[in-house]
Every structure is written in C-alpha cells, then in structure tokens.
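Protein chains: 2
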Amino acid sequence: MEKSSDVLTKEQIIAATEETIKRYGMAKTSVTDVAKSLGVSHGSIYRHFKSKTELFEAATEQWLEEKIIAPLADVCRDSSLRGVGHVQAYIRTLVQLKRHYAREDEALFAMYAKVTDESAELISKHIGRIIGHLTDIMLRGGLKSDQPERSAGAVFYATARFHHPAHAYEWKSPAIDAEFSDVWALIEQGLKTND
Amino acid sequence: MEKSSDVLTKEQIIAATEETIKRYGMAKTSVTDVAKSLGVSHGSIYRHFKSKTELFEAATEQWLEEKIIAPLADVCRDSSLRGVGHVQAYIRTLVQLKRHYAREDEALFAMYAKVTDESAELISKHIGRIIGHLTDIMLRGGLKSDQPERSAGAVFYATARFHHPAHAYEWKSPAIDAEFSDVWALIEQGLKTND
DNA sequence: CAACTGACAAAAAATAAAATTTGTCAGTTG
DNA sequence: CAACTGACAAATTTTATTTTTTGTCAGTTG
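Given below as structure tokens:
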C-alpha cells in the first residue's frame with residue numbers, strides 16, 4: 034500500500050495496520066512494517082498514536098465497532114422483533130458473528146482476542162455497549178422491568194462460552210449448536226417467567 | 034522427599050511431582066527434578082509412565098478426583114437436598130472449589146489448567162463425570178425428565194464463566210458473586226418451569 | 001510552521017551456541 | 001528376573017549475542 038495523499042491520517046494508518054496483520058500475522062507485525070507499507074517513516078506513526086499498544090487498540094476498537102457492534106445495533110433497532118425473541122435474535126447474531134470471524138478472518142480475530150485480553154478498559158467498554166443493547170431490548174419488550182441491566186448481564190454471561198474468544202477452539206465442535214440451543218432453552222424459560 | 038520404601042510406586046511419583054510443581058512451578062518442573070526429589074534416576078520414572086505428558090496427566094487426574102470430584106460427589110449424594118436447590122448447591126460448590134484452588138494453590142491449579150487445555154480426552158472425561166452427577170440430581174429431583182442429560186449440560190455450560198479456568202482472572206472481580214447470582218436466577222427459573 | 005524524517009538510546013525480539021531434558025535401552029544389581 | 005541404573009542421541013530449553021523494534025526528538029522540508 035502506497036501513500037495515497039500527502040496527509041497521513043489515523044484511518045490510513047489503521048487500514049495499513051489491518052493489512053499488515055492479515056499478511057504477517059499478529060505476532061510478526063511491527064510499527065516499522067506498517068510504516069513501510071505506507072511508505073513513511075515509523076516516526077510519523079508516532080505523531081498519530083502514542084504507542085504501538087495505542088495503535089493496536091485503536092485498530093481493535095474500529096474492528097469491533099464495524100464488525101460486531103454495527104450489525105448488533107441493527108438487530109437491536111429491528112422493530113419487527115420483540116421481547117424474548119428479540120433477545121434471542123441478538124444473542125444468536127453475536128454468537129454467529131464471533132464464530133464467523135474466528136473462522137474467516139483468523140488474523141484480525143487474533144488481534145481482537147489479544148488486545149481485549151490485555152486491555153480491561155477496552156473489553157469493559159465493549160461489554161458495556163452490548164449490555165446496553167440488551168437492556169434496551171428488554172425494556173422495549175417489557176421484560177424484567179425490575180433490574181433490566183442485571184438480567185441483560187446475566188444473559189450475556191450465561192452465553193459466554195459461545196462468544197468469549199477464550200472458548201473459540203470449542204466452537205469447532207459439531208455439538209456446539211445443540212449445546213447453545215440447550216443453554217438458550219434454559220435462559221428463555223428464565224426470561225419468560227419474570228416478564 | 035527421600036525414597037521411603039524400596040519399590041517405587043506410581044503414587045509416590047505423583048506425590049513427588051505435585052511437591053516439585055509446588056516448589057518450582059509448572060513451567061520449571063522436569064522429570065529429572067521429580068526423580069531427584071525421589072532419589073532415583075529419571076529412567077525409573079519411565080518404567081511407570083510412558084512420557085512426561087502421561088505423568089502430568091496422571092497427576093492432574095488424581096488432583097481432579099481428590100480436590101474436585103470427591104467433594105462434588107458428596108454434594109451429589111446429599112439426601113437432604115432435592116430438585117433445583119440440589120442443582121444450585123452442586124454448581125455453587127463447583128464454582129467455589131475452582132475459585133478456592135485458583136487462589137490457594139496456584140501451582141497445582143496451573144497444572145490442571147495447562148494439562149486439561151492440552152488434553153481433550155481428559156477434560157471431556159472430567160466434564161462427563163460432572164454432567165453425570167447433575168443428571169443424577171435432576172432425575173432424583175424429578176426435574177426435566179424428558180432430556181435430563183441435555184439440561185445438565187446446559188446448566189454446566191451456562192455457568193462456564195464461573196468455573197472454566199480460562200476465566201480465572203475474572204474471578205478476582207468484586208462483582209463476580211453478584212454476576213453469578215444473576216446468572217443463577219435466570220437458570221433457576223428455567224429449571225423450575227420445566228419440572 | 002505543520003508534517004514528516006532520520007538518527008539515536010533503550011527495550012524487545014531473533015538468532016546462535018551451550019546446557020539441560022526427554023526418552024531409550026543394554027547392562028547391573030539384589 | 002524384576003526393578004532400577006546410567007550412558008546415550010535427539011529434542012528442547014536456557015543463556016549469551018546480535019539484530020530489530022520502539023519511542024523520542026532535533027532537524028529538515030514543502
């Protein structure tokens with residue numbers, strides 16, 4: 034990737050970072066490599082990002098926003114869905130998205146797994162957004178009006194095995210779909226009872 | 034630890050392995066170190082265990098049996114408990130045991146985490162025993178008579194965040210107890226509905 | 001003068017060399 | 001002769017050495 038304009042932007046740098054990670058993998062990508070792919074000196078990158086960590090966190094935040102949060106926000110907004118079915122559609126989408134990227138975009142999924150594992154702040158912000166969506170869905174669906182945020186968290190954590198990257202290798206099991214359905218059946222009953 | 038009798042047994046070797054891991058940590062423990070602590074040549078250990086992997090797996094199996102399965106079997110057998118409350122007592126015990134050893138016996142907990150992470154067979158056998166217990170409790174409590182084993186699995190996997198070693202660092206959070214209670218409330222409703 | 005370069009020291013990573021560990025087995029010992 | 005030893009090759013790990021990378025900044029450039 035060559036310099037396309039004469040002002041270097043954060044967006045360009047992040048795009049080059051993703052490309053470089055896809056080419057060399059997470060472990061082998063250096064700031065120097067990213068600079069090389071942009072045709073600039075690595076010092077330039079440090080005018081835009083304080084550190085390598087900050088650069089990788091910015092790339093991960095963008096990736097999460099675009100690949101995970103945006104499609105989830107669509108499901109959240111979907112007015113054809115209501116109540117428990119809406120929650121189910123949301124969680125199923127979350128689970129499918131994670132599985133999709135774990136398989137189809139290993140390099141950037143590895144970036145997301147590593148960066149979130151090392152940044153409590155980033156992961157907690159991300160989880161906060163998802164629990165926010167779920168809370169919203171529950172309120173609009175008239176579910177669990179007493180403590181909707183805690184119920185939202187409970188649904189999220191009860192399905193952790195199906196969306197937390199630490200469990201990604203388990204997603205290859207042929208039993209995983211049945212196991213999710215069984216867990217979902219349990220949760221669904223729990224959600225239905227208290228509405 | 035010196036040789037206590039003149040016939041070397043698997044049990045002695047496993048005990049020495051645990052001691053050595055506690056002393057040097059998982060990463061720094063070699064078969065040679067274990068042999069040294071027994072006052073034998075490392076070749077002797079290979080008459081009892083085909084490989085270092087097999088030795089560590091045997092030590093882990095014993096640890097799981099003694100520290101996790103045995104106390105869980107007690108809860109399973111406890112005739113003062115029935116139905117959903119029995120399931121809850123079982124899962125709470127499982128969660129507490131894992132947390133206890135993660136904190137109080139880091140070295141052997143690390144052994145368990147590493148060995149199970151690397152042996153699909155060992156972990157699947159262990160999970161099988163727990164799901165067996167839960168199935169038993171459910172049948173005796175008259176819960177979910179249609180597919181008790183699948184419900185048992187659902188309860189186990191829905192609480193994975195609270196007992197799977199990949200989540201051990203999250204157990205330090207002060208919110209963890211509240212989060213477990215919220216997940217449990219959801220599960221409990223699910224279990225109660227279908228009995 | 002804002003945006004970038006390139007030279008630099010400190011930190012980290014890769015490579016090379018040395019030492020240890022793993023696993024085997026012929027031979028010793030009680 | 002069953003149980004163990006100790007010497008050995010191959011594999012792995014550790015340590016030492018070299019190279020690269022990170023992060024800074026004074027200086028250049030358009």
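Here the protein sequences come in this chain order: W and C.
Taken in order, the first sequence gives residues 34 to 228; the numbers are from the numbering used here.
Taken in order, the second sequence gives residues 34 to 228; the numbers are from the numbering used here.
Glycine included, each C-beta is placed from N, C-alpha and C at the ideal position.
Could you list which residues in chain C have their beta carbon closer than 8 Å to that of residue 190 of chain W, in chain order?
What residue 190 of chain W touches in chain C: 194, 212, 215 and 216.
Are three or more beta carbon pairs between the stretch 61 to 78 of chain W and the stretch 114 to 123 of chain W nearer than 8 Å?
In short, these stretches do not touch, since the Cβ pair count stays below three.
Tell me, please, whether the CB atom of residue 223 of chain W is closer than 7 Å to any CB atom in chain C?
With 7 Å as the cut-off, residue 223 of chain W counts as an interface residue toward chain C.
Listed in chain order, which residues of the stretch 166 to 183 of chain W have Cβ atoms closer than 7 Å to some Cβ of chain C?
From the stretch 166 to 183 of chain W, only 183 have a Cβ closer than 7 Å to chain C.
Helix, strand or coil: how does DSSP classify residue 83 of chain W here?
Residue state, collapsed to three classes: coil.
Kindly indicate which three-state DSSP category residue 119 of chain C falls into: helix, strand or coil?
Looking at residue 119 of chain C - three-state DSSP - the assignment turns out to be helix.
Considering only residues of the stretch 103 to 172 of chain C, which uninterrupted alpha helix (DSSP H) runs meet the minimum length of 4 residues and lie entirely inside it, listed in chain order?
103 to 110, 116 to 137 and 139 to 151, all fully within the stretch 103 to 172 of chain C.
Please report whether the beta-carbon of residue 219 of chain C lies at a distance below 7 Å from any beta-carbon of chain W.
Yes, its Cβ sits closer than 7 Å to a Cβ of chain W.
Would you report the Cα separation of residue 253 of chain W and residue 40 of chain W, rounded to the nearest angstrom?
Nothing in the structure corresponds to residue 253 of chain W, since chain W is present only between 34 and 228.
To be precise: take each residue of the stretch 113 to 127 of chain C, compare its Cβ to all Cβ atoms of chain W, and keep it if any distance is under 9 Å. Which residues remain?
Residues: none.
Contact between the stretch 67 to 82 of chain C and the stretch 98 to 112 of chain C: three or more CB pairs below 8 Å?
No: fewer than three Cβ pairs fall under 8 Å.
How would you write the range of the alpha helix (DSSP H) that residue 180 of chain W sits in, first residue to last?
Here residue 180 of chain W belongs to no alpha helix (DSSP H), and DSSP marks it neither H nor E.
Can you name the residues of chain C whose CB is closer than 8 Å to the CB of residue 186 of chain W?
Here the neighbours are 212 and 215.
In this structure, does DSSP put residue 63 of chain W in helix, strand or coil?
Correct three-state label for residue 63 of chain W: coil.
In angstroms, rounded to a whole number, what distance separates the CA positions of residue 54 of chain C and residue 201 of chain C?
About 19 Å.
Would you identify the three-state DSSP class for residue 226 of chain W, choosing helix, strand or coil?
Residue state, collapsed to three classes: helix.
Ordered along the chain, which non-local residues of its own chain (more than five positions away) have a Cβ less than 6 Å from that of residue 181 of chain W?
Counting only Cβ-Cβ distances below 6 Å, and skipping sequence neighbours, we find 168, 171 and 172.
Run down chain C in chain order and give the residues with a C-beta less than 7 Å from the C-beta of residue 226 of chain W.
Within chain C, the residues near residue 226 of chain W are 222 and 226.
Run through DSSP, which three-state label would residue 77 of chain C get?
Residue 77 of chain C falls in the helix class under three-state DSSP.
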